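Numbering (the numbering used here), first residue to last: 6 to 189.
In this text, a Cβ means the ideal position worked out from N, Cα and C, and glycines have one as well.
As the structure is a computational prediction, the values presented were derived from the model and not from experiment.
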């Protein structure tokens, strides 16, 4: 579940509250009916319909896409394969009666939480000895925005035009991606 949620969140530039939940959140849980896999050869992608998108009041949903990278570039981090695998394998320990379960479901049948995603990320980074720093030398710890930050930083490093980054991440203003960028 962590890998599937991470891959979709990264490639679709999702906000933390769009793919995970936390106590006190007013955002709706991302449900299976809001996510589908589209195989339109040669393109394969995950389509996510975000209900009540944060930056677009009055809009019912916004569609975002997490495309499979070319096999040579994915390193196994393919949102389509990981999501399909998660959906095949998800069998909650506690059976659910929900007709529309969370898109990213923990073993107890509940939706993936922000705390689970951040704790798992922190654990994996620590295990591998990976650390991130600000230009001032302060260590950066993972947070709910880490997947969006990873998308922006990776897209910039790959020379993706700013206009494409803004479109994928659903930002209207020219400065919107700035808080999600850092040099390390």
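Residue 107 by DSSP, collapsed to three states: which one? Strand.
According to DSSP, is residue 143 helix, strand or coil? Reduced to three states, the DSSP call for residue 143 is coil.
How about residue 147 and residue 126: are their beta carbons less than 7 Å apart? In this structure, residue 126 lies closer than 7 Å to residue 147 by Cβ.
Can you check the stretch 7-85 for any beta strand (DSSP E) of at least 3 residues that lies completely inside it and give the ranges in chain order? For the beta strand (DSSP E) assignment, the uninterrupted runs of no fewer than 3 residues enclosed by the stretch 7-85 are, from N- to C-terminal side, 40-45, 48-56, 66-72.
Tell me whether the stretch 136-155 and the stretch 45-65 touch, counting them as touching only if at least three CB pairs, one residue from each stretch, are closer than 8 Å. The count of Cβ pairs closer than 8 Å, one atom from the stretch 136-155 and one from the stretch 45-65, stays below three, leaving the stretches out of contact.
Beta carbon of residue 49 nearer than 7 Å to that of residue 11: Residue 11 sits away from residue 49, with the two beta carbons spaced by 7 Å or more.
Tell me whether residue 116 sits in a helix, a strand or coil according to DSSP, three-state version. Strand, per DSSP.
Measure how close the beta-carbons of residue 17 and residue 53 come, nearest whole angstrom, since I'm counting them as under 8 Å. That belief holds up - the Cβ atoms of residue 17 and residue 53 are roughly 5 Å apart, short of 8 Å.
Nearest by alpha-carbon distance to residue 174: which of 116, 60, 27, 37 is it? In this structure, 60 is the residue among 116, 60, 27, 37 with its C-alpha nearest to the C-alpha of residue 174.
Tell me where the alpha helix (DSSP H) around residue 162 begins and ends. 151-162 is the span of the alpha helix (DSSP H), which, as asked, contains residue 162.
Output the distance between the C-alpha atoms of residue 169 and residue 163, rounded to the nearest integer angstrom. So the two alpha carbons sit approximately 12 Å from each other.
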